[in-house]
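Accompanying notes for the structure given below.
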Amino acid sequence: MNVRHAGIGMTSQRTRGRMVERLRTQGIRDEVVLAAMNAVPRHIFVDEALGTRAYDDVSLPIGHAQTISQPYIVARMIEIMRNGGQLNRVLEIGTGCGYQAAVLGQVACEVYSVERIQPLYKRATASLQELKARNVVLSYADGTMGRPEIAPFDGIIMAAAATHVPQALLGQLAVGGRMVLPLGAQEQVLTLIERDENGYIESRLEAVKFVPILTGKA
Ligand code: SAH
Numbered sequence: 049m050n051v052r053h054a055g056i057g058m059t060s061q062r063t064r065g066r067m068v069e070r071l072r073t074q075g076i077r078d079e080v081v082l083a084a085m086n087a088v089p090r091h092i093f094v095d096e097a098l099g100t101r102a103y104d105d106v107s108l109p110i111g112h113a114q115t116i117s118q119p120y121i122v123a124r125m126i127e128i129m130r131n132g133g134q135l136n137r138v139l140e141i142g143t144g145c146g147y148q149a150a151v152l153g154q155v156a157c158e159v160y161s162v163e164r165i166q167p168l169y170k171r172a173t174a175s176l177q178e179l180k181a182r183n184v185v186l187s188y189a190d191g192t193m194g195r196p197e198i199a200p201f202d203g204i205i206m207a208a209a210a211t212h213v214p215q216a217l218l219g220q221l222a223v224g225g226r227m228v229l230p231l232g233a234q235e236q237v238l239t240l241i242e243r244d245e246n247g248y249i250e251s252r253l254e255a256v257k258f259v260p261i262l263t264g265k266a
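In our numbering, each residue's number is its place in the sequence shown (first place is 1) plus 48.
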């Protein structure tokens, strides 16, 4: 056990338990998602200096002008995508620190996550290795192109806001699949896109605040 895991003892498990109770009061109902949030140590994904705030319901800076999403929004997006069903293969655009990818790894068989900022990609790779999250595969690329070579996906989550749905991603959603993303510029709305045999159905869910999606690699 290394130093960063020292806090995984009772203290952080209790703190995580309190986070999960708070998620329940905030309306998260999916027990599979709540169990996943209870299982993943969030503090290893943030700077040690911010460790005491890791389980607060806030987003926190992770460097490179990016943030780790607040626990509520991570749980909410996964709950919406899962919709109580089984997930085989899922795609995340915007790995950031890798926290949401780790939570996804608890609810889906295979997780693919793409990040455009190389130092974040490297750090997330190290954190997920530390957690032995072997079903989570990261790549360093512009995620708006998706992963056509391994599509289709049962679920797609975008962790950065776009003004329109990237066309490439729509095509990589399986029939019966669900995509969850923040849409909009100043005013963003969490949006669900469901694909059925006739096409795509879009539902607008709740106001959110995400960093913008950017193109190219950095
Ligand atoms: N999923 C993270 C949140 C990451 S914040 C969590 O667990 O908290 C959003 C991330 O999306 C940032 O790291 C940003 O660099 C990344 N991003 C923005 N545009 C992107 C793109 N086109 N391709 C891949 N990643 C992108």
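Cβ atoms here follow ideal geometry from the backbone N, Cα and C, with glycine treated the same way.
Would the beta-carbon of G153 be found less than 7 Å away from any heavy atom of the ligand MG?
Ligands in the displayed structure: the ligand SAH; the ligand MG is not one of them.
Given this structure, state the Cα-to-Cα distance separating G191 from H212, to the nearest angstrom.
So the two alpha carbons sit approximately 14 Å from each other.
Considering just the uninterrupted stretch of the alpha helix (DSSP H) at Y147, what are its terminal residues?
Counting along the chain, the alpha helix (DSSP H) containing Y147 begins and ends at Y147 to V155.
Give the secondary structure of G225 by DSSP, where H, G and I count as helix, E and B as strand, and everything else as coil.
Looking at G225 - three-state DSSP - the assignment turns out to be strand.
If you measure from the CB of D2, is any heavy atom of the ligand SAH nearer than 7 Å?
There is no way to answer for residue 2, as the model of the chain reaches only from 49 to 266.
Does at least one heavy atom of the ligand SAH sit under 7 Å from the Cβ of T173?
No, the ligand SAH has no heavy atom inside 7 Å of this Cβ.
Leaving out five residues before and five after T143 in sequence, what residues of the same chain have Cβ atoms less than 6 Å from its Cβ?
Taken in chain order, the residues that qualify are A149, S161, E163, A172 and L186.
Can you name, in chain order, every residue of its own chain whose Cβ lies under 6 Å from the Cβ of P119, other than the five neighbours on each side?
Shown here for P119: same chain residues with a beta carbon closer than 6 Å to its own, the five before and five after excluded, namely M67 and D105 in chain order.
Excluding sequence positions up to five away, which residues of its chain have a Cβ less than 6 Å from the Cβ of Y248?
Correct list, in chain order: I241.
Unbroken stretches of the alpha helix (DSSP H), 4 residues or longer, contained in the region 50-105
Segments of the alpha helix (DSSP H) lying fully in the region 50-105: 58-73 and 79-87.
Tell me whether A172 sits in a helix, a strand or coil according to DSSP, three-state version.
Here A172 sits in helix by DSSP.
Can you find a CB in chain C that lies within less than 8 Å of the CB of Q61?
Considering every chain present, this structure includes no chain C. It has just one protein chain.
Nearest by alpha-carbon distance to F258: which of N246, R195 and T239 is it?
It is T239 whose Cα lies nearest to the Cα of F258.
Same chain only: Cβ atoms within 6 Å of E158, ignoring 5 sequence neighbours per side:
Same-chain partners within the cutoff: R137 and N183.
Apart from the five residues on each side of it in sequence, which residues of its chain come closer than 6 Å, Cβ to Cβ, to G153?
Only V159, A181, N183 and V184 meet the Cβ criterion.
Determine the extent of the alpha helix (DSSP H) in which Q215 is found, giving its start and end residues.
Segment Q215 to G219, the alpha helix (DSSP H) holding Q215.
Exposure of G232, with buried meaning 16 or more beta-carbon neighbours within 10 Å
Classification of G232: buried, given that the 10 Å Cβ count is 16 or more.
At a cut-off of 7 Å, is V68 close to the ligand SAH when judged by its beta-carbon and the heavy atoms of the ligand?
Because no heavy atom of the ligand SAH lies under 7 Å away, the Cβ of V68 does not count as near it: no.
Give the DSSP bridge partners of T115, in chain order.
In DSSP, T115 forms a bridge with P109.
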